[in-house]
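Below: the structure, in structure tokens.
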Amino acid sequence: MLKVGDQYETEFNISQEQVNAFAELSGDKNPLHIDAEFAAGTNFKSPIVHGIFTSAVISKVLGMEFPGPGTFYLSQKLDFKRAIYPGKRYIAKFEITEIREGKHIALISTQYFETETGRNRIVLDGQAEVKNLEQLP
Numbered sequence: 002m003l004k005v006g007d008q009y010e011t012e013f014n015i016s017q018e019q020v021n022a023f024a025e026l027s028g029d030k031n032p033l034h035i036d037a038e039f040a041a042g043t044n045f046k047s048p049i050v051h052g053i054f055t056s057a058v059i060s061k062v063l064g065m066e067f068p069g070p071g072t073f074y075l076s077q078k079l080d081f082k083r084a085i086y087p088g089k090r091y092i093a094k095f096e097i098t099e100i101r102e103g104k105h106i107a108l109i110s111t112q113y114f115e116t117e118t119g120r121n122r123i124v125l126d127g128q129a130e131v132k133n134l135e136q137l138p
């Protein structure tokens with residue numbers, strides 16, 4: 002059984018090809034995400050990943066790794082601190098901050114950090130509320 006204070010982290014990156022596929026799938030073809038020439042004229046200087054697409058990493062971890070299979074979302078808060086760029090490496094960190102005993106519900110801190118610059122800057126800060134009958138008391 003998991004407990005308050007348990008942590009998990011994983012490294013990830015999102016390719017421009019994945020961003021393009023998400024743009025097609027979602028219909029969000031904002032040139033800021035898929036057009037390098039357009040993005041070069043913005044404050045970002047190059048295409049950025051769709052904010053909501055970046056949250057798929059959280060969904061994958063919660064559903065497959067920590068807490069794992071059988072986990073389902075009750076809610077997710079996302080605060081985007083900095084842009085996430087295709088092809089860069091990031092670390093996603095998770096920590097159980099609260100468990101509602103007997104209800105199988107946990108609050109889990111969800112954060113992404115930029116690692117390539119060596120500055121370990123936070124780019125996403127959030128909190129998930131999840132339920133898992135097998136892994137949570």
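Per my numbering, the sequence shown runs over residues 2 to 138.
The beta carbon of each residue, even a glycine, is placed where N, CA and C say it ideally should be.
No experiment lies behind these values; they were computed from the predicted model shown.
Item	Value
Would you identify the three-state DSSP class for glycine 127, choosing helix, strand or coil?	strand
Report yes if the C-beta distance between glutamate 139 and lysine 94 is below 7 Å; otherwise report no.	Any question about residue 139 goes unanswered here, given that the chain covers just 2 to 138.
Is the segment 62-82 in contact with the segment 22-33, if contact means three or more CB pairs nearer than 8 Å?	no
Does DSSP put lysine 61 in a helix, in a strand, or in coil?	helix
Please classify phenylalanine 39 as buried or exposed, where buried requires at least 16 other C-beta atoms within 10 Å of its C-beta.	exposed
For glutamine 77, does the three-state DSSP call read helix, strand or coil?	strand
Indicate whether the contact test is met: 3 or more Cβ pairs, each with one atom in the segment 119-134 and one in the segment 66-84, closer than 8 Å.	yes
So, helix, strand or coil for threonine 111, using DSSP?	strand
Rounded to a whole number of angstroms, what is the C-alpha to C-alpha distance between tyrosine 9 and aspartate 36?	34 Å
Which stretch, first to last residue, makes up the alpha helix (DSSP H) that contains isoleucine 53?	52-55
Rounded to whole angstroms, what's the CA-CA distance from glutamine 17 to proline 87? Just pull it up for me.	5 Å
Go ahead and pull the three-state DSSP assignment for isoleucine 100.	strand
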